[in-house]
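Visitor: If you scroll down you'll find the structure; I have some questions about it.
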Amino acid sequence: MNPDAPAADQLESFSNQYPGRDYTINIVCPEFTSVCPKTGQPDFGTITYTYAPGEKCVELKSLKLYLQRFRNQGIFYEHVVNRLLDDFVKACQPRRCKVVGAFTARGGITTTVTCLFEAKS
84 MNPDAPAADQ
94 LESFSNQYPG
104 RDYTINIVCP
114 EFTSVCPKTG
124 QPDFGTITYT
134 YAPGEKCVEL
144 KSLKLYLQRF
154 RNQGIFYEHV
164 VNRLLDDFVK
174 ACQPRRCKVV
184 GAFTARGGIT
194 TTVTCLFEAK
204 S
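Numbering (the numbering used here), first residue to last: 84 to 204.
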């Protein structure tokens, strides 16, 4: 693993004031960038988090800064979306979470990657 890669501990959280209520938070991040590890070309996309918080909610400024740290990272779409989900779950421990990466067209092909997490009861 790249030591300069973004890490889950860079995501901050705060206490959910309604941990007994099942509700959903939707966060859209339309300016995600990373680098294709094969070509070195920049990749652009929209990352959408949809989650039901448990005891904690993600702090948005830390999420923004965490995502910005990927801009120089060489990582495939499939890997980055899985990584985003894993790091989010580690930092916030939601009841459930879905991360969708909708990447802009390259070579006439668009790619959307969706990853899901559901806490075990």
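Beta carbons are placed, not taken as given, at the ideal position from N, Cα and C, and that holds for glycine.
Model, not experiment: these values are computed from the prediction.
Taking three-plus beta-carbon pairs below 8 Å as touching, is the region 161-179 in contact with the region 135-152?
Guide: A contact exists between the region 161-179 and the region 135-152.
Visitor: Restricting to Cα atoms, I'd like to know which of Lys-144, Pro-113, Gly-123 and Phe-127 is closest to Ser-96.
Guide: Comparing Cα positions, the closest option is Lys-144.
Visitor: Buried or exposed, going by whether 16 or more other CB atoms sit within 10 Å of the CB of Arg-104?
Guide: Answer is exposed; the Cβ neighbour count stays below 16.
Visitor: From the DSSP secondary-structure annotation, give me the bridge partner or partners of Phe-186.
Guide: In the DSSP output, where bridge partners are listed per residue, Phe-186 has Gly-128 and Thr-194.
Visitor: Determine, using beta-carbon pairs with one atom in the region 146-158 and one in the region 181-192, whether at least three such pairs fall under 8 Å.
Guide: Judged by Cβ distances under 8 Å, the region 146-158 makes no contact with the region 181-192, as fewer than three pairs qualify.
Visitor: Taking the beta carbon of Val-111 as the centre, do at least 16 other beta carbons fall within 10 Å, making it buried, or is it exposed?
Guide: Under this definition Val-111 is an exposed residue.
Visitor: Compare the C-alpha of Gln-124 against each of Phe-159, Thr-195 and Glu-142 and name the closest.
Guide: The shortest C-alpha separation from Gln-124 is found at Phe-159.
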